[in-house]
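In this note's numbering, the protein residues as written are 1080 to 1313. Backbone N, C-alpha and C define an ideal beta-carbon position, used for all residues, glycine too. Everything numeric in this text was worked out from a predicted model, so none of it was measured. Shown next, in structure tokens, is the structure this report addresses.
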């Protein structure tokens, strides 16, 4: 097993970035989902409605890049601004047709379920078998699942189901502990970046895998990970 892709999302529910390496601490990947779009009611922008989150169509038109002291947000036309720039807040509000601000995480993490999310190439192959993959013959695009790590595993199926509560060493330093399968929502069918709108992926995941795809893990030992790092059982 090895890492083939590392993704982070500096602003929750916006498009993110593929990176060659990342620092990992108890909270997860450094800079991942550290900021979010917030409305006047205090709810955070998402692709779904929950007690904490509010669905805000249009967030997938924006891309965020990690930077200090605040992420850089890119508008559809290419204009960029820092996430703590009030002028940028107004531009995002105009795009979303609502009043919003961009705010850093405080007491409660912005993660939906846990610090580090993982999916496997084997599970993507299985979902491709069930749905026919993407238009043009490509396999189901991993970006639909907004996972932090894509781990290359031979074969087809859902091998990560057997990883729960087993310490997984990633590279020379980091140890993760997969905790629970990730429950999915309509976001996996939404158009984002190069992946177009669909209406069948969530149905397939519900019918064949209890509405779950991938797992989330806690961090038992921090450190640095890179693409092509091997993974083994600690």
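Who are the Cβ neighbours of residue i in its own chain at under 6 Å, not counting the five residues just before and after it?
i	result
residue 1271	1139
residue 1159	1151, 1153
residue 1164	none
residue 1202	1237
residue 1184	1113
residue 1105	1298
residue 1257	1242, 1243, 1294, 1296
Going by the beta-carbon positions, is the gap between residue i and residue j smaller than 9 Å?
i	j	result
residue 1297	residue 1281	no
residue 1238	residue 1312	no
residue 1044	residue 1189	One cannot answer for residue 1044 here, as it falls past the ends of the chain, which runs 1080 to 1313.
residue 1089	residue 1111	yes
residue 1309	residue 1099	no
residue 1267	residue 1284	yes
residue 1274	residue 1222	yes
residue 1279	residue 1210	yes
residue 1187	residue 1130	no
residue 1174	residue 1148	no
Determine the extent of the alpha helix (DSSP H) in which residue i is found, giving its start and end residues.
i	result
residue 1165	1165–1175
Measure how close the beta-carbons of residue i and residue j come, nearest whole angstrom, since I'm counting them as under 8 Å.
i	j	result
residue 1263	residue 1235	In fact, because the Cβ distance is near 19 Å, the residues do not count as touching under 8 Å.
residue 1145	residue 1096	7 Å
residue 1293	residue 1261	5 Å
residue 1093	residue 1142	6 Å
residue 1198	residue 1080	The Cβ separation is near 12 Å, so there is no contact.
residue 1232	residue 1200	6 Å
residue 1193	residue 1250	Residue 1193 to residue 1250, Cβ: 20 Å. No contact.
On the DSSP bridge list, what partners appear for residue i?
i	result
residue 1291	1262
residue 1198	1229
residue 1081	1231, 1309
residue 1125	1134
Below 8 Å CB to CB, which residues in the same chain sit around residue i once its five sequence neighbours on both sides are set aside?
i	result
residue 1195	1103, 1107, 1108, 1227, 1228, 1255, 1295, 1296, 1297, 1298
Just reading off the beta strand (DSSP E) that residue i is part of, what are its end residues?
i	result
residue 1104	1100–1104
residue 1183	1180–1183
residue 1153	1151–1153
residue 1247	1247–1249
residue 1109	Counting along the chain, residue 1109 falls outside any beta strand (DSSP E), and DSSP gives it neither H nor E.
residue 1161	1159–1161
residue 1142	1142–1144
residue 1114	1114–1117
Excluding the five sequence neighbours on either side, which residues of its own chain have a C-beta within less than 7 Å of the C-beta of residue i, listed in chain order?
i	result
residue 1288	1237
Check whether the Cβ of residue i lies closer than 8 Å to any heavy atom of the ligand ZN, and answer yes or no.
i	result
residue 1085	In the structure shown, the ligand ZN is absent, as is every other ligand, since no ligand is present at all.
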